[in-house]
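When the letters of the sequence shown are read in order and numbered with mature numbering (1 follows the signal peptide of the UniProt record, and there is no 0), they come out as residues -39 to -1, 1 to 230.
From the three backbone atoms N, C-alpha and C, an ideal C-beta is built for every residue, glycine too.
Below is one structure, written out as structure tokens; the observations come after it.
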Amino acid sequence: MLKKPRETRSASLLRKAAMFVTSAGVAASLVVAPAPATAQPALPALPALSSASPAAFVQYAETSLRNTAYAPGSGVQDLIWNARNSLRVQVDQFFGRDKATADRLKAEIDRIVEMLSPGLIAARTPKPAPKPAPKPAPKPAPKPAPAPKPAPRSNPCPPQAKACVDIRNQKSWLQNNGRIYYGPVTVATGKAGYETPKGWHRVNRKVRDEISYEFGNAPMPFATYFTYNGIAFHQGDPAYRSHGCVRMYRQDAIKYFNDLQIGDQVYVF
């Protein structure tokens, strides 16, 4: 009595692979021939596989994908995409130990998919996240502050004042506990009829890009107000007297704007 030859392990693996595709919905397209109305040519039958060789798997994959591509009805691209992903899973299962072979088989599968549905893989593959922007170069260390200029011979400005304005000499400076650390700088105070108010004041607000609505929208950059009726330190030409504000060069106005805080005392004398 003749014994039936045993099925080889390799053939068994490929038979299981075909069953896997069936479970993924690909086999549905393999058994459906193109509708006569579409005039599609008859599809080649799935070849009998005798061993789990890479070449046999490529033939099996191409037949599966071609039958899927010729399936009637809508949603063919979805079927091709699902079949492609199922075949790649099978590659990992049956050839995963040989990475080079597995990568080559996956590339063959994608080549066939691209031939049947150009652009499908690119359209459905997530784009890699953008690389983070390079960190900006560190800023150079700031230059050391210049040594304080000597104070005027007579400094009637009380030590508790943070900013002082000397109307007679048209000078101003910043100090800590009576020690001058910035200035004296040249300023222009109010002209006759618009005198800058003398005495004690406190910084109450700061506006970087200020304009004077009262005097024709004149620019008042880096305005540091120390009264509630519009008197402020701000950038301007100290060659001309003001309408009450304390004009100063840009770099001085920026320094006052940055250093003076709400509540700091200003003394005008």
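- Within the same chain, Cβ atoms closer than 6 Å to the Cβ of residue 202 are found at 149 and 152, the five residues on either side in sequence being excluded.
- A distance of 7 Å or more separates the beta carbons of residue 192 and residue 177.
- Around the beta carbon of residue 209, 16 or more other beta carbons lie within 10 angstroms, which makes this residue buried.
- The beta carbon of residue 83 lies closer than 6 Å to none in the same chain, with the five residues before and after it left out.
- Apart from sequence neighbours up to five positions away, the residues of its chain that approach residue 157 with a beta-carbon distance below 8 Å are 126, 128, 150, 151, 192, 203, 205, 206, 207 and 229, ordered along the chain.
- Residue 182 places its beta carbon 7 Å or farther from that of residue 172.
- Taking the C-beta atoms as reference points, residue 32 is found no nearer than 7 Å to residue 41.
- Around residue 66, the same chain offers 15, 18, 19, 52 and 56 as residues with beta carbons nearer than 7 Å, after the five sequence neighbours per side are excluded.
- Note on the segment 125 to 150: whole beta strand (DSSP E) runs with a minimum of 3 residues are 132 to 137 and 140 to 149, in chain order.
- Assignment of residue 15 by DSSP, reduced to helix, strand and coil, places it in the helix class.
- Taking the Cα positions, residue 170 is about 54 Å away from residue 81.
- In this structure, 194 is the residue among 48, 62 and 194 with its C-alpha nearest to the C-alpha of residue 132.
- Per DSSP, the continuous alpha helix (DSSP H) segment holding residue 217 begins and ends at 211 to 220.
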